[in-house]
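Step one of this worksheet: look at the structure below.
In the numbering used here, the protein residues as written are 305 to 1532.
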């Protein structure tokens, strides 16, 4: 779009944009944000006046320096905010103190009156009331960054590791310029801290001494003393020389100016906690590397015992570690030994972990590791010990032990890196979920945790989501490796949400099917027999078809047992009932097992029917006795107050037997999980969610909620009440937070429809909003109840059809909206509708028909079309433009299924005509005939058909000729249910979702068929399909492209192939256009190029010929030549013929674009210009050419979204051509 932002600007823009629930932004708001961020463009010629008006004065030299460094664009303009950024860093220039607020305002700094006063009173202004720009910029740093609420100041300081006594704290607060909202800049707090004398754990002045020896900005060697004097630090010559030795950089012989002293140069007292040192420095705006921090910390006095270095071997011996004298000396060189020859015990133990030497006693490994701060589980210790090489003295190498610890545990992960690691693993957590994870992780004193413990915590966490498209990678990161068949089976058995994601908890529940031992699939019958399960061969064969068997013919035993639950046949030995049910993950209490045993019927062989068993188990375990509710909740890890328990019971639908469905209980108990909130703040909490309550509504709400003794209530319980009672009003222009609170996830189209229904209102009742939502989406349907819901509506699906439907539905939290369900039904090929419920089914799908329309459709459902009297056949055919001889007409009638009245359905008549292939057709009535034959033909297809037809004899052509040419123009008809197999035969690989999307877009006729050519056009639009590179020739032939060996080699040469040897279908179809159209004689290339207006010498012509894929007849596709010319490094064009030449190459430019290209061309003496330079400039002027059909996706990839109306308006105003097989294209 011609707007180039720096990374920092882009981040700032992103942070300040208002993003909706789907992660999208309004385009107008985006452009407003860009304008706010950049300040708009100003001409460089008026920059001087602009700065003067602000109260800034520059000398001529300073002005030239500023101008030299300004990022001015090609139009001689600069963004105002970038200008002010350059002014900020200018070493010179003066500011009028009276205009300081204007200058800072233009720099994006808005200070309150008190802050401005606080700033100006410390500025050294001259006699003219002016001050140096640099001094202003240094002073204003205190008024930037995060703001702190003064009421929370004490906690903020504690989090930074700073503790103040009461008098010091009071003195600090008095010195701060507090804003009207009770807040103050954190940097201003740090500035004020400089003058305080405080107390703590480690002397800050010693911290500073350590930092001086570690880091700082760069300064020349000769300037060091001056720099320190300017900072208020005076050193003697010898001290300065010693300091420079510490600070010298080997890279460029420069000295680092200390970064820390800029902030805390005058803070001489106060102490900090060493463990918080990194956080303290970070809060002060000081960034140091891990290496720098390590050096700094090592040189600080710290707690812990000291050990005499001469006694080092004995001390380590007591830990079970043995060092040679050489290893001991090497170790001591890495440790900070004090003047008394002592080292800190903690520092020593840390150093031992990375020592490349030493040995440990293998039989005392656990104690040694514990003393080193490493605690392993029994399983980890066993695994570590098994892999160690132990010498004759029972010792193992310390380095080998530490490497083994890392291999066993995955190594240590720093707490601050957890967020990044999880993101890189493909796991998505909310901040709240991540904090809960962190809270439960066993971090050590160094704030680190073993990676395998982190992964265990992740796996057991109730929260987080994973993207289904990255499932394989995510499982690998979690240390779980599955075969392709297993991965496919896992994915197919989990419901994917609207956002293409699944809960991590769901994934971990399902992954248990792929753990434990594997069994031979060929031995399945014996395995089941050993379990006491008997299956018929047919049922066994059926089971093997659905089970995920790996390349070695094995499958997980757990996955087999899961499949047993859904079998429609088979038997199980009663005496193995308890064991088998536990193996299937069905654990019953003694009471439940006794009830089950009493219900089962046992045959003469001691077997029970497997399907009946599963039904009985489901019935028994699916219900909870209300008297055991507290115990059941306890087993679920939920403890409620008496008031909360009573509230829960009140909302449970208890049956006659005093039982409630377990599923219902689990749904209801969700309201009593999660965070608790203060009941006194309910109105504000709901207001933040976009819901406003009146005082009366608030009073009623408080009465209904189970508030505990601490005046708190579960937030989920509050939201449940809000969703059920729908109290309050909502802002129509801010629906996103409300819908999020109500757990409603809408598509853009659905949201737009709701807003249309509410247009004209500023605020509406929440109930009104939710009614509109239901009108647009329909009720929520549980994914497990879909079959029943559809049956009640009069729609019957087979198990296979139902499975296919569910796979492609946008399921969220196990539910789908009714309208989305019915949208899925529309594109499902299969299923039956009760003829008595046709009107209800169509109505549910949003199709309201009149009584007449409904009557018409139901009468014609069996075979479509009206009845035709066979006695009037001649006149009917004549109206259609068909002429048959008496004999041909008689043959036609013989093939027709006439009813008792001598009539036949019109559509059946047209089928008979197609198959008869006799008679003649009036060319002038061709469109009428095709329409009556049920063939909807596009204008281009019709013109292609006309061109194919032979010259008409007396305006007529043979019907069989028409049918043959029609088949050539459109291809054969394919049943929509066979499309998947057709794609498979074409060697195109697509996911179920891509297939479903393709089927939805295909032009299917009333009989559920699509023409082959139209299917191929649809295939070209697939974005994520793949083709095996080895099947490329087969695919191209199916697409109607036959290539020679050399042409195929050229075609595949630059295609990006993935690790599995597959190519993205999109890349293939893009390249196909180079291998379509007419072919030209490659031996006559020079003349052909000359005719096009391109001049090449003999060498260039030969080079070009070599680069082209010529067939056996020495011919090449013209489109392939044109494609090559666009990147050809040779050739010349007469500048006067430039437009004609570009036209011959299929490139159309506007006059303005052509003029821009011509003006940029350096001409030789003959008025010729370089073809390469022309093509480069054309690309720069026009941008890449894109298919208009792909425009919406391209804009979305860029991050721009339009409403349907805005999108249509955009397309209308684009310059479009037909250069890709009749498909509209435009430049971006």
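C-beta atoms are modelled at their ideal positions from N, C-alpha and C, and glycine is treated no differently.
Top-ranked residue by Cα proximity to residue i, from the options
i, options, result
"residue 754", "1292, 709, 1379 and 456", "709"
"residue 1471", "1481, 748, 1071 and 1438", "1438"
"residue 1079", "1050, 1478 and 1067", "1050"
"residue 1236", "1185, 1269 and 1284", "1185"
"residue 1364", "1334, 1378 and 1347", "1334"
"residue 251", "719, 698, 692 and 723", "Beyond the ends of the chain as shown, which are 305 and 1532, falls residue 251; an answer cannot be given."
"residue 609", "635, 441, 622 and 648", "648"
"residue 1039", "999, 991 and 1014", "991"
"residue 896", "924, 1358 and 362", "924"
"residue 1309", "1241, 460, 1298 and 1328", "1241"
"residue 814", "626, 843, 867 and 856", "867"
"residue 836", "848, 808, 865 and 855", "865"
"residue 705", "722, 673 and 730", "673"
"residue 795", "780, 811 and 781", "811"
"residue 1535", "1378, 405, 380 and 411", "Residue 1535 cannot be examined here, being either before or after the span of the chain that is shown, 305 to 1532."
Expected contact under 8 Å - CB spacing of residue i and residue j to nearest Å
i, j, result
"residue 789", "residue 853", "6 Å"
"residue 805", "residue 771", "5 Å"
"residue 360", "residue 397", "6 Å"
"residue 765", "residue 757", "Not confirmed; about 13 Å, so no contact."
"residue 1042", "residue 1097", "In fact, because the Cβ distance is near 30 Å, the residues do not count as touching under 8 Å."
"residue 1022", "residue 986", "7 Å"
"residue 343", "residue 385", "4 Å"
"residue 1428", "residue 1406", "Going by Cβ atoms, the distance from residue 1428 to residue 1406 rounds to 14 Å, so no, they are not a contact pair."
"residue 1003", "residue 1033", "Not confirmed; about 16 Å, so no contact."
Limits of the unbroken beta strand (DSSP E) element including residue i
i, result
"residue 943", "Run containing residue 943: none; DSSP gives neither H nor E here."
"residue 1385", "1383 to 1385"
"residue 859", "858 to 860"
"residue 382", "381 to 383"
"residue 701", "699 to 701"
"residue 771", "769 to 771"
"residue 1084", "1084 to 1086"
Between the CA atoms of residue j and residue i - distance to the nearest angstrom
i, j, result
"residue 533", "residue 762", "Unreliable positioning characterises residue 533 in this predicted model, as indicated by a pLDDT of 40, which lies under 50. A coordinate reading is not provided."
"residue 1544", "residue 435", "Past the boundaries of the shown model lies residue 1544; the chain is included only from 305 to 1532, so the question cannot be answered."
"residue 726", "residue 677", "25 Å"
"residue 1412", "residue 1293", "30 Å"
"residue 1394", "residue 1114", "58 Å"
"residue 1225", "residue 1231", "11 Å"
"residue 1448", "residue 1396", "6 Å"
"residue 1222", "residue 1262", "7 Å"
"residue 862", "residue 783", "19 Å"
"residue 689", "residue 907", "54 Å"
"residue 1011", "residue 982", "9 Å"
"residue 314", "residue 321", "11 Å"
"residue 823", "residue 870", "20 Å"
"residue 769", "residue 1326", "27 Å"
"residue 374", "residue 363", "16 Å"
"residue 1452", "residue 1252", "30 Å"
"residue 883", "residue 919", "18 Å"
Terminal residues of the alpha helix (DSSP H) in which residue i lies
i, result
"residue 1466", "Looking at the DSSP string, residue 1466 is not in any alpha helix (DSSP H), and its letter there is neither H nor E."
"residue 1402", "1402 to 1411"
"residue 651", "649 to 657"
"residue 1339", "1336 to 1342"
Give, in chain order, every unbroken run of the alpha helix (DSSP H) that is at least 4 residues long and sits entirely within the stretch 1022 to 1080. Counting only runs of at least 4 residues, the stretch 1022 to 1080 fully encloses the following alpha helix (DSSP H) elements, listed from N- to C-terminal order: 1040 to 1045 and 1052 to 1061.
Can you give, in chain order, each stretch of the beta strand (DSSP E) that sits fully within the stretch 1210 to 1298 and has at least 3 residues? You should have 1224 to 1226, 1260 to 1262 and 1277 to 1279.
Please give me, in chain order, every unbroken run of the alpha helix (DSSP H) with length at least 4 that falls completely inside the stretch 809 to 879. The stretch 809 to 879 contains these whole alpha helix (DSSP H) runs: 828 to 834, 841 to 850 and 861 to 868.
Go through the stretch 683 to 717 residue by residue and report every complete run of the beta strand (DSSP E) that reaches 3 residues or more, in order. Counting only runs that start and end inside the stretch 683 to 717, the beta strand (DSSP E) elements of at least 3 residues fall at 699 to 701.
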